[in-house]
Structure formats: structure tokens, C-alpha cells
Amino acid sequence: MDPERSSTSMPDTAGLRVAVLGPGGVGGLLAGLLARGGADVTCLAGRETASLLDEQGVAVRSALFGDFVAAVHAAERLTEPVDVCLVTVKATQLEAAVARLPADVLGDALLVPLLNGVEHMTLLRERYPRAAVIAGAIRVESTRVAPGEIRHDSPFVAVELAPPAELSPRGEGLAAVLRHLGLQVSVTHDEAAALWGKLAFLAPFALLSTHEAAPLGVVRDRRRAELAAVVAEVSAVARAEGVSIDDRGLIDVFDRLPPTMQSSMQRDAAAGRPTELEAIGGAVLRRAARHGIALPVTERLVGELRARQSADVRSAPR
Ligand SMILES: NC(=O)c1ccc[n+]([C@@H]2O[C@H](COP(=O)([O-])OP(=O)(O)OC[C@H]3O[C@@H](n4cnc5c(N)ncnc54)[C@H](OP(=O)(O)O)[C@@H]3O)[C@@H](O)[C@H]2O)c1
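Just so we're aligned: the sequence shown equals residues 0 to 317 in numbering that gives the first Met the number 0.
Structural data, given as C-alpha cells:
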């Protein structure tokens with residue numbers, strides 16, 4: 000990596016060159032906010048979405064940020080260097096999507112995945128050895144209602160960035176840009192804590208809400224013992240990864256959240272779309288196996304959800 004580049008912080012939003020791989024609920028919202036803030040944004044997507052975005056821009060409806068349309072460039076493949084690339088596809092789409100991001104064009108840009116899960120970090124670091132890969136986690140509720148049309152529902156967008164020490168100035172620079180746009184951004188140097196902190200919440204919620212096909216309130220009432228068991232199991236794996244999770248505190252968080260809250264895995268399953276089961280539940284099981292930790296409840300839930308998914312695929316019309 001160019002040493003000068005690694006020691007300088009991010010330029011101002013105006014003139015910042017950003018690529019967004021996967022302009023959906025998360026990516027479309029960030030692309031819109033960055034473009035409105037003056038960044039030069041290129042969305043990378045399939046042909047139809049790319050040509051629509053190129054012509055019409057990204058339309059965002061948000062109680063927090065207002066309703067606006069921001070002009071972006073869009074392409075099927077990155078052809079010019081950028082300062083930052085946000086990776087915002089679903090985990091199930093990542094393998095196919097990275098073909099749009101040639102390593103030689105990306106060079107030593109900041110590469111910031113905001114996907115849920117942990118396993119995408121290895122894939123991205125292997126594929127982009129020169130890039131400055133920084134783990135990120137995002138808390139938001141934002142939906143791609145149609146290509147290029149984004150509805151942002153949560154009264155906040157919270158991003159956690161976890162740059163390794165040598166990338167700290169560039170991570171802080173990106174954090175400053177995002178804060179300036181109105182996002183809540185925290186920076187930690189503990190990548191495992193950022194990723195496992197999110198997974199410790201998400202895995203129990205996503206697995207049980209999808210298994211029960213119901214929102215959080217129903218899960219809390221009907222599946223409380225399993226919720227506590229999965230929290231304890233995932234936090235055991237997190238501990239083996241060097242991350243301490245407050246199990247009791249997490250149950251309190253589940254008790255305080257609105258009963259109507261749904262997980263995106265549950266919504267995807269209900270709509271017959273592929274889910275991030277492997278990136279969330281499968282990843283927890285694979286890490287547990289690496290550490291020799293048994294996760295009986297998580298394993299049963301993931302196994303049953305995998306079986307349901309295979310049955311759905313077999314019965315889908317051809
Ligand atoms: N949405 C949220 O509120 C939220 C909150 C926290 C975390 N997350 C996480 O953020 C990640 C993204 O979720 P999301 O909800 O934003 O997903 P999404 O709305 O489904 O957006 C995915 C986007 O990726 C595009 N895409 C699909 N295949 C592609 C490919 N091969 N190349 C380029 N682009 C491709 C889709 O294009 P089309 O528009 O053409 O379909 C879509 O715009 C997930 O890991 C999710 O768990 C989401």
C-alpha cells in the first residue's frame with residue numbers, strides 16, 4: 000500500500016470517490032446520502048438496476064433525512080479508481096457481486112463491508128490483498144422497495160468501523176465523513192468485537208424469529224428458553240474468539256425492543272427469497288466447530304431451517 004495514502008485521512012465528502020457494491024436497503028441509503036453530501040458515487044449493480052440508477056438517481060424516503068433524489072453514476076463493473084468502496088450486497092450475493100470489482104482497479108482503496116456475519120472478511124481479504132479492508136457493522140432499518148427506491152424507517156443509522164491500527168487514520172476519516180452526513184459512527188480497533196457484538200444479538204433473533212415465522216414479541220413469549228440458550232451458545236463462541244458478551248444484558252435488550260420487530264431473515268424466508276442463514280447461523284456453527292464447542296440448540300435450529308430452505312427450493316416452480 001502507498002504509505003502516504005495510509006497515513007492521510009479521508010478527504011472531505013465533496014470530491015470523495017465512492018463505489019457502492021449493491022445499492023439496496025443499506026447501500027442505496029448510503030449512496031444517496033453520500034451523493035447528496037457531494038461525494039462522487041458510483042453504484043455497482045446488475046444491468047437493469049445500473050441503467051435505472053444512472054438515469055434516475057437514488058430516491059430516498061426517510062423521516063430522519065427527508066425525502067430526496069440524489070444523482071449517482073452506476074455501472075455493472077468498476078472501471079475507475081475510488082477512495083472507498085462500500086460492500087452492501089446480501090451475503091448470498093457476495094461471490095457473484097465481487098466479479099464487478101476488479102482487484103487491480105480497486106487497488107489500495109478502503110474496502111468496507113457492512114454485511115452481517117463474519118466470514119465475508121476472509122473472502123474479501125483474500126480477493127483484495129492490496130485493499131485496506133475495514134470491518135463494519137450497521138444498525139438500521141432500510142428497505143429497497145424497488146430498484147433505486149429506498150425507504151429508511153429507523154430513527155437512526157448507526158455504523159461501527161473497526162480498522163486495524165495501521166488503518167486507523169483512514170478509518171477515522173471515513174467515520175468523520177459519515178458523521179457529517181448525520182450517521183452515528185463509532186470506531187473501535189477490535190474487529191472481532193464489532194462483528195461478534197452484532198452477531199451475538201442477530202443470530203438468536205434471526206434464527207428464532209425465522210423458525211417461529213413471527214416477530215420478536217412472539218419469540219419472547221413462546222420461545223424464551225431457546226432464546227436464552229442461543230444467546231448463551233453464541234456468546235460462548237464469541238468468547239472463544241476473544242470477545243466478551245453480556246448475556247444477561249442482551250436478554251434485557253430483547254425485552255426492551257418493540258414486540259413488532261422483525262428480522263430480515265424472517266422477512267426473506269416469508270417472501271421466498273434466499274436468506275442469510277449460512278452467513279449468520281452457519282457461520283456460528285463453523286466457528287464453534289473450530290473451537291470444539293457444542294451448540295445443541297443453535298445446531299438444531301440451523302439444521303431445521305436448512306431443511307426448510309431445501310424443501311422450498313425443491314418445491315419452487317421451474
Ligand atoms: N436493510 C437493513 O435494514 C439492514 C440492516 C442491517 C444490516 N443489513 C445487512 O446489510 C446487507 C445488505 O442488506 P440489504 O437489506 O441492504 O440488502 P438488499 O436491500 O437486498 O440489497 C442488496 C442489493 O444488492 C444488489 N445485488 C444483488 N446481486 C448483486 C450482484 N451480483 N452485483 C451487484 N449488486 C447486486 C441488489 O440489486 P437489485 O436492486 O438489482 O436487486 C440490491 O440492490 C446484508 O448483509 C444485511 O443483513 C441490512
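For each residue, glycine too, the CB sits at the ideal point set by N, CA and C.
Item                                                                                                                           : Value
Cut-off 8 Å between Cβ atoms - residues of its own chain near residue 49, not counting five sequence neighbours on either side : 42, 43, 73, 74 and 75
Bridge partner(s) assigned by DSSP for residue 112                                                                             : 86
beta-carbon residue 271 near ligand 1 non-hydrogen atom, thresh 6 Å                                                            : no
Cα-Cα separation, residue 2 to residue 18                                                                                      : For residue 2, the pLDDT reaches just 36, beneath the cut-off of 50, and the residue's location in the model is therefore unreliable, although a value from the coordinates is still provided. Those two C-alpha atoms are separated by around 22 Å.
Exposure of residue 61, with buried meaning 16 or more beta-carbon neighbours within 10 Å                                      : buried
Any alpha helix (DSSP H) of 4 or more consecutive residues that is wholly inside the segment 111-179                           : 119-126 and 167-179
Rounded straight-line distance, which links the Cα of residue 283 to that of residue 4                                         : Note that residue 4 has pLDDT 44, beneath the 50 cutoff, so the model's placement of it is unreliable and the number below is only indicative. If you take the alpha carbons of residue 4 and residue 283, they lie about 35 Å apart.
Ligand 1 heavy atom lying under 6 Å from the CB of residue 266                                                                 : no
Whether residue 241 touches residue 287 by CB criterion (7 Å)                                                                  : no
Start-to-end residues for the alpha helix (DSSP H) that takes in residue 304                                                   : 295-314
Short Cβ contact (7 Å threshold) for residue 203 with residue 229                                                              : yes
Reduced DSSP category for residue 265 - H, G, I as helix; E, B as strand; rest coil                                            : helix
Cβ-based burial, residue 6 [other Cβ within 10 Å; buried from 16]                                                              : For residue 6, the pLDDT reaches just 41, beneath the cut-off of 50, and the residue's location in the model is therefore unreliable, leaving the point undetermined.
Nearest candidate by alpha-carbon position, reference residue 97, set 106, 107 and 86                                          : 86
CB of residue 25 within 7 Å of CB of residue 33, strictly                                                                      : no
Assigned secondary structure, residue 182 (DSSP; H/G/I helix, E/B strand, else coil)                                           : coil
Residue 109 vs residue 134 beta-carbon contact at 7 Å                                                                          : no
Spatial neighbours of residue 0 in its chain, beta-carbon cut-off 6 Å, leaving aside the 5 residues before and after           : Note on residue 0: pLDDT 36, under 50, position unreliable in the model; the coordinate value appears next. If we look at residue 0 and ignore the five residues flanking it on each side, its Cβ neighbours are 107.
Within 7 Å, strictly: CB atoms of residue 318 and residue 268                                                                  : Residue 318 lies beyond the residue range present for the chain, which begins at 0 and ends at 317; the question has no answer from this structure.
Distance cut-off 6 Å: residue 101 Cβ against heavy atoms of ligand 1                                                           : no
The segment 232-252 / the segment 304-314 touching (three or more Cβ pairs under 8 Å)                                          : no
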